[in-house]
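Reading through the structure tokens given below for one structure.
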Amino acid sequence: MANPVRVLVVEDEPAILELIAINLEHAGFAPLRAASAEEAAHLLRQTLPDAALLDWMLPGQSGLALARKLRAEARTRELPIIFLTARSGESDKVAALEAGADDYLTKPFSARELIARIRAVLRRRAPQLGDQPVEISGLRLDPGAHEVHGNGRGLELSPTEFRLLHFLMTHPNRVYSRSKLLDGVWGDDAVVEERTVDVHVRRLRQALAPSGHDALVETVRGSGYLLRGGARP
Ligand code: CA
23 MANPVRVLVV EDEPAILELI AINLEHAGFA PLRAASAEEA AHLLRQTLPD AALLDWMLPG
83 QSGLALARKL RAEARTRELP IIFLTARSGE SDKVAALEAG ADDYLTKPFS ARELIARIRA
143 VLRRRAPQLG DQPVEISGLR LDPGAHEVHG NGRGLELSPT EFRLLHFLMT HPNRVYSRSK
203 LLDGVWGDDA VVEERTVDVH VRRLRQALAP SGHDALVETV RGSGYLLRGG ARP
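At position 33 of the sequence shown the residue is numbered 55 (the working numbering), and the sequence of numbers has no breaks.
Here it is in structure tokens:
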């Protein structure tokens, strides 16, 4: 089983915060609660969530200011952000999107709509968290069934190699440094050394070797790793 997707909820109204958190839990997410931008910043120093829901109007720092800060820092730059707000004016939407929000929900919203928007943003921004099968050059990974096939032949992968391959296959043709892979595959609160990545890449290549797909995983000297996808030159 994959770890539940962690969603940070920043909302100063306790009843709304609790309602959102309960709905997230019902949908299989793991909510992280914060009542202010300051509390969220504190929480973010310990845990990097997979997505964030930010209320606009907060005591102290606003949700908008928090979003700008998250986008400005390397660690949280890629964090998917959805705004929750009672403000529905067009200029507010523009301001939210310019601050780096991926989506925008106007209160009141239904739990179903909230969950659907979170899933849509995650599909777009973090496909490795989804359940959609991925296929590249005859290598097929099915997250739901937890199976990998190379040219139709079943391949045996341990859970870590499976997550590593899922991440690489959903981000093909991009070089990832060891520290970026640690963030993306292990989660950044994991205590893992960077050379551990090399060990798992080696094991992944061994697991893919029976169908020859080990050649898809390339080492980029001095930079990290890359999975070659699509048409090859
Ligand atoms: Ca509020």
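Just so it is clear, CB atoms sit at the ideal spot from N, CA and C, and this is done for glycine as well.
Model, not experiment: these values are computed from the prediction.
### Query
Taking just the CA atoms, how far does P130 sit from G20?
Past the boundaries of the shown model lies residue 20; the chain is included only from 23 to 255, so the question cannot be answered.
### Message
Using CA atoms only, rank isn't needed, just tell me which of N195, V219, R196 is closest to V205.
### Response
One detail in the question is off: residue 205 reads as Asp in this sequence, not Val. That would be V219, whose Cα lies nearest to the Cα of D205.
### Cut-off 6 Å between Cβ atoms - residues of its own chain near R147, not counting five sequence neighbours on either side
Only residues of its own chain outside the window of five on either side were considered, and among them P102 have a CB closer than 6 Å to the CB of R147, listed in chain order.
### Reduced DSSP secondary structure (H/G/I, E/B, other) of V156
Residue state for V156 is assigned as strand, using DSSP reduced to three classes.
### Message
Quick check: what's the CA-CA separation for L106 versus Q228?
### Response
Our two residues, L106 and Q228, have alpha carbons roughly 46 Å apart in a direct line.
### Query
What is the rounded straight-line gap between the Cα of A253 and the Cα of S159?
Confidence is the limiting factor: at A253 the pLDDT is only 49, short of 50, which leaves the residue's position unreliable, though a coordinate-based value still follows. When rounded, the distance between both Cα atoms is 8 Å.
#### Entry: Exposure of R28, with buried meaning 16 or more beta-carbon neighbours within 10 Å
Residue environment analysis places R28 among the buried positions, since at least 16 neighbouring C-beta atoms fall within 10 angstroms of its C-beta.
### Query
How close, in whole Å, do the beta carbons of V32 and L76 come, if the pair is a contact with beta carbons under 8 Å?
About 5 Å separates the two Cβ atoms, so the contact holds.
### Message
Could you check whether the region 194 to 204 touches the region 167 to 181, counting it as contact only if at least three pairs of C-beta atoms, one from each stretch, sit closer than 8 Å?
### Response
Contact between the region 194 to 204 and the region 167 to 181 is absent, because fewer than three Cβ pairs lie under 8 Å.
### Query
When DSSP labels each residue in this structure, what does R254 get in the three-state scheme?
Note on R254: pLDDT 44, under 50, position unreliable in the model; the coordinate value appears next. Residue state, collapsed to three classes: coil.
### Query
Could you give the distance in angstroms between the alpha-carbon of M23 and the alpha-carbon of E100?
Note that M23 scores 41 on pLDDT, short of 50, meaning its location in the model is unreliable; the coordinates nonetheless yield the value given after this. Each residue's alpha carbon lies about 24 Å from the other.
### Task
Would you check if the distance between the CB atom of L190 and the CB atom of L249 is smaller than 9 Å?
L249 sits close to L190, with the two beta carbons spaced by under 9 Å.
### Query
Where DSSP assigns a beta bridge to V32, which residues make up the other side?
Bridge pairing for V32: A56, L76 [DSSP].
### Query
In this structure, does DSSP put R109 in helix, strand or coil?
The answer is coil: DSSP assigns R109 none of H, G, I, E or B.
### Task
Within the same chain, show all residues whose beta-carbon is closer than 7 Å to that of L86, passing over the 5 residues directly before and after it, in chain order.
Taken in chain order, the residues that qualify are W78, A117, A118, A121.
#### Entry: Where L179 falls: helix, strand or coil (DSSP)
Residue state, collapsed to three classes: coil.
### Message
In this structure, how does DSSP classify T192 when only helix, strand and coil are distinguished?
### Response
Helix at T192.
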